[in-house]
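Asker:
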Amino acid sequence: MNKILNKWICAYDNAKRMQKNGWSENDVLAKAHELYSSGKSGHFILISEWLALRDQPRYGSQEKELERLDKIAMRQEEANQLLKENIEAKRMKMFMKLSSKEHLDDRSKELLKKLGRDLFGN
1 MNKILNKWIC AYDNAKRMQK NGWSENDVLA KAHELYSSGK SGHFILISEW LALRDQPRYG
61 SQEKELERLD KIAMRQEEAN QLLKENIEAK RMKMFMKLSS KEHLDDRSKE LLKKLGRDLF
121 GN
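Residue 122 is where the sequence shown ends in UniProt numbering, and the numbering goes up by one at each step.
#1: Can you have a look at Phe44 and say buried or exposed, based on whether 16 or more other CB atoms are within 10 angstroms of its CB?
#2: Is Lys31 buried or exposed, if buried means 16 or more other CB atoms sit within 10 Å of its CB?
#3: I'd like the list of long-range same chain contacts for Gly42, defined as Cβ closer than 6 Å, with 5 residues on each side in sequence excluded.
#4: Could you have a look at residue 123 and say whether DSSP puts it in helix, strand or coil?
#5: With distances taken between CB atoms, is the gap from Lys16 to Val28 smaller than 8 Å?
#6: In or out: Lys87 buried (at least 16 other Cβ within 10 Å) or exposed?
#7: Can you tell me which of Leu5, Ala79 and Gly116 puts its alpha carbon nearest to the alpha carbon of Phe95?
#8: Let me know if Ala11 comes out buried or exposed under the rule of 16 or more other beta-carbons within 10 Å of its beta-carbon.
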């Protein structure tokens, strides 16, 4: 029974990925039946059992988990972008502070050159 359910879950996940705008849940189930039966598995006979259990993590679609992971990745990407912008702002502030001074020691001159290259690509 597990083998049958695993094949069905795979077919259902594939149907969800193919889902077009305007498809109802019945359209997705019909596509999943089509995909399942095209795999020489015959007709899926455990649909009523699966409908009762599909909200359970073990038998459900992995689509929700994939959506959750996508959201986490997107948040991490946004956080990384904010961090880069913050670092860039600090470099710019340091560059402006150093460039406003008239007399710089050698270390400050090197730092100013490096900041100029990093910020402006010169």
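The beta carbon of each residue, even a glycine, is placed where N, CA and C say it ideally should be.
Answerer: In brief:
#1: Counting from 1 along the sequence shown, the entry for residue 44 is found at position 44. Per the 10 Å Cβ criterion, buried.
#2: Here residue 31 is taken as the residue at index 31 of the sequence shown, counted from 1. With 16 or more other Cβ atoms within 10 Å, it is buried.
#3: Reading the sequence shown from its first residue, position 42 is the one you call residue 42. Closer than 6 Å at Cβ, skipping near neighbours: no residue.
#4: Because the chain here runs from 1 to 122, residue 123 falls outside it and cannot be looked at.
#5: Translated into the one-based positions of the sequence shown, residue 16 becomes position 16. Translated into the one-based positions of the sequence shown, residue 28 becomes position 28. Yes, Cβ-Cβ distance for Lys16 and Val28 is below 8 Å.
#6: For the purposes of this step, residue 87 is taken as residue 87 along the sequence shown, with counting starting at 1. Strictly speaking, residue 87 in this sequence is Ile, with Lys absent from that position. In this structure Ile87 is exposed. Its beta-carbon is surrounded by fewer than 16 other beta-carbon atoms within 10 angstroms.
#7: Here residue 95 refers to the residue found at position 95 of the sequence shown. When Leu5, Ala79 and Gly116 are compared, the shortest CA-CA separation from Phe95 is found for Gly116.
#8: In the sequence shown, the residue the question calls residue 11 occupies position 11. Result: buried.
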